[in-house]
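A.B. asks: Residue numbers (full-length UniProt numbering), protein chains in the order written: chain A, 1 to 186; chain B, 1 to 241.
Don't be surprised by glycine CBs; every beta carbon is placed ideally from N, CA and C.
My questions will all concern the structure given below.
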Amino acid sequence: MNAPVEHPPRLKVATCSLAGCFGCHMSFLDVDERIVDLAQIVTFDRTPLTDIKHCSEHVDVGLIEGGLCNVENVEVLREFRAHCRYIVAVGSCAITGGVPAVRNKFSLESCLREAYIEAPGIENPHIPHDAEIPLLLNKVRPIHEVVRVDYVLPGCPPPADAFWELLSALVEGREPQLAYENRRFD
Amino acid sequence: MADKGHFSFDGVQLPFLQGQTILQAAADAGHYIPHLCYRPEFPPHGSCKLCSVKANGKFTSACFEPVTEGMKVESETPEIQGYRKRVVQMLFAEGNHYCPFCQQSGNCKLQAVAYHLGMEDTHYAHQYPRRQLDASHPDAMIDYDRCILCELCVRASRDVDHKQVFGVAGRGIEARLLVNSPSGLLGDSRFSITDAAAQVCPVGAIVPKKAAFAVPIGQRRYDTHDIGEELACPPSENKGD
């Protein structure tokens with residue numbers, strides 16, 4: 001009887017952008033042609049790069065870009081935490097709230113009034129309130145204030161090499177080590 | 001001439017002069033101890049606690065503690081480095097340190113010390129303070145949400161400029177930097193951009209106007225070298241910044 005063919009274990013990776021700008025995803029894609037190598041060791045699950053709507057039962061790594069600004073962000077983050085073995089806070093927004101957290105300086109009401117009622121050139125001024133639109137949180141929050149985070153990639157955005165190091169390390173079963181130039185906050 | 005002696009620094013025998021603090025003696029021997037509120041030209045302040053070391057088994061601030069003969073100092077142990085990292089994370093979570101758009105990014109000592117200590121996240125729940133930015137002065141502005149209360153500007157304005165422009169008031173988490181002018185605004189004070197107090201802020205709290213983002217990324221102070229390499233140069237060439 002033939003022995004079963006052994007495939008190297010593939011890493012199942014899910015990603016999402018919460019209150020993010022998609023810049024971290026773009027930086028991830030800055031691994032350029034190495035994405036071909038990546039495709040040999042990684043399977044993408046739910047991510048803006050695929051058409052999968054929800055996380056599979058067991059996902060290895062969830063890369064989370066962006067902080068939390070509305071209730072849908074919290075729901076998505078909790079889905080990722082429930083299904084992913086490792087949650088990675090990717091980028092300044094996921095780690096500290098980032099630039100969107102500048103709105104924490106102001107009341108939510110004053111932000112909405114400025115955007116939808118008082119700004120010049122607004123037609124039919126009213127604050128949107130359809131049930132389909134997720135309600136905003138009173139403050140933007142980093143993800144570690146809602147779920148446990150296993151790894152972080154600092155930066156705005158983190159360099160492509162930082163993504164590469166993280167995923168390589170997890171595939172090889174070792175702890176990621178970010179070099180000085182790959183560990184920056186700006 | 002001051003008496004010489006020796007003490008143990010992370011297991012290495014270093015010389016010291018009588019009356020030197022641990023931080024001074026270590027710096028003279030080319031060993032970096034992380035610090036933010038200390039500069040050699042001012043009396044020590046003791047607020048940042050980053051220079052904490054264990055001297056003969058007890059935690060103490062290296063900027064204040066005099067070296068004694070045969071003293072056994074631990075500095076770069078995992079325990080102490082971990083403790084320092086938590087202190088830096090507290091400073092980050094306490095203020096609004098949005099490095100991505102701060103003009104001091106790459107030249108900021110708080111950020112550089114965080115890099116040095118391997119800090120990657122902020123660990124604590126963020127405070128998100130709401131203090132009013134002061135842009136009243138023609139040549140400088142103050143973002144109070146980035147101030148770490150090192151009081152270097154207070155000391156520089158008082159001891160070098162002899163103007164007493166700055167002070168710290170309030171208690172506990174409410175403690176904050178104040179400007180000594182009738183309106184409380186920098187523009188109404190005796191502050192000048194040529195003051196020593198304009199040069200000493202280690203973070204992005206007191207920053208010059210019209211000088212932002214002049215240095216390309218890659219050429220900023222801490223883009224390529226660790227802040228720990230700075231005190232490893234001869235003390236005569238080092239002003240502590």
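(1) At which residue ranges does the segment 150 to 181 of chain A contain complete beta strand (DSSP E) runs of 3 or more residues, listed in the order of the chain?
(2) Which same chain residues, not among the five before or five after S236 (chain B), have their C-beta less than 6 Å away from its C-beta?
(3) Could you say which of A:C55, A:V13, A:I64, A:V99 lies nearest to V146 (chain A) if we only look at CA atoms?
(4) Could you tell me the distance, in whole angstroms, from the CA atom of E123 (chain A) to the CA atom of K105 (chain A)?
(5) If you scan the UniProt domain "2Fe-2S ferredoxin-type" (1 to 79) of chain B from start to end, which runs of the beta strand (DSSP E) of 3 or more residues do you find wholly inside it?
(6) How big is the Cα-Cα spacing for L178 (chain B) and C37 (chain B)?
(7) Within the continuous alpha helix (DSSP H) that includes T96 (chain A), where are the two ends?
(8) Please classify K210 (chain B): does DSSP put it in a helix, a strand, or coil?
(9) Would you report the Cα separation of T68 (chain B) and C111 (chain A), rounded to the nearest angstrom?
(10) Entirely within the segment 1 to 83 of chain A and at least 4 residues each: give me those alpha helix (DSSP H) ranges in chain order.
(11) Which same chain residues end up closer than 7 Å to residue 242 (chain B) when comparing Cβ atoms and leaving out the 5 residues on each side of it in sequence?
(12) Please tell me whether Y32 (chain B) has its Cβ less than 8 Å away from any Cβ of chain A.
(13) Let me check one thing: in DSSP terms, what residues is D134 (chain B) bridge-paired to?
(14) Can you give the Cα-Cα distance for N96 (chain A) and L149 (chain B), rounded to whole angstroms?
(15) Between I95 (chain A) and the ligand ZN, is there a pair consisting of the residue's CB and a ligand heavy atom that are separated by less than 7 Å?
(16) Report the residues of the segment 105 to 133 of chain B with a CB closer than 8 Å to any CB of chain A, ordered along the chain.
(17) How is A112 (chain B) classed by DSSP in three states: helix, strand or coil?
(18) Hey, out of B:D188, B:P66, B:K72, B:R39, whose CA is closest to S8 (chain B)'s CA?
(19) What would DSSP say about F166 (chain B), mapped onto helix, strand or coil?
(20) Suppose the cutoff is 6 Å on Cβ atoms and the five residues either side in sequence are ignored; what does the same chain contact list for D241 (chain B) look like?
C.D. replies: The structure says:
(1) Fully enclosed beta strand (DSSP E) runs of 3 or longer: 151 to 153.
(2) In this prediction, S236 (chain B) scores a pLDDT of 45, lower than 50, which makes its location untrustworthy; the coordinate-derived value is nonetheless stated afterwards. Around S236 (chain B): no qualifying Cβ.
(3) A:I64
(4) Going by the C-alpha atoms only, they are around 27 Å apart.
(5) Fully enclosed beta strand (DSSP E) runs of 3 or longer: 4 to 9, 12 to 17, 52 to 55, 58 to 61, 72 to 74.
(6) Computed Cα separation, rounded: 17 Å.
(7) Per DSSP, the unbroken alpha helix (DSSP H) holding T96 (chain A) starts and ends at 91 to 96.
(8) If DSSP states are grouped into helix, strand and coil, K210 (chain B) belongs with coil.
(9) 59 Å
(10) 23 to 29, 34 to 41, 71 to 83
(11) Residue numbering for chain B in the displayed model covers 1 to 241; residue 242 (chain B) lies beyond these limits and cannot be assessed.
(12) Output row for Y32 (chain B): interface = no.
(13) B:I142
(14) Note on residue identity: the sequence assigns Thr, not Asn, to residue 96 (chain A). Distance between the alpha carbons of T96 (chain A) and L149 (chain B): 21 Å.
(15) Within the structure as shown, the ligand ZN is missing, as the structure has no ligands at all.
(16) S105, G106, Q111, A114, Y115, G118, E120, D121, T122, H123, A125, H126, Y128, R130
(17) helix
(18) B:K72
(19) strand
(20) Only weak support is given to the placement of D241 (chain B): the predicted model assigns it a pLDDT of 43, under 50, and the value that follows is read from those uncertain coordinates. Counting only Cβ-Cβ distances below 6 Å, and skipping sequence neighbours, we find nothing.
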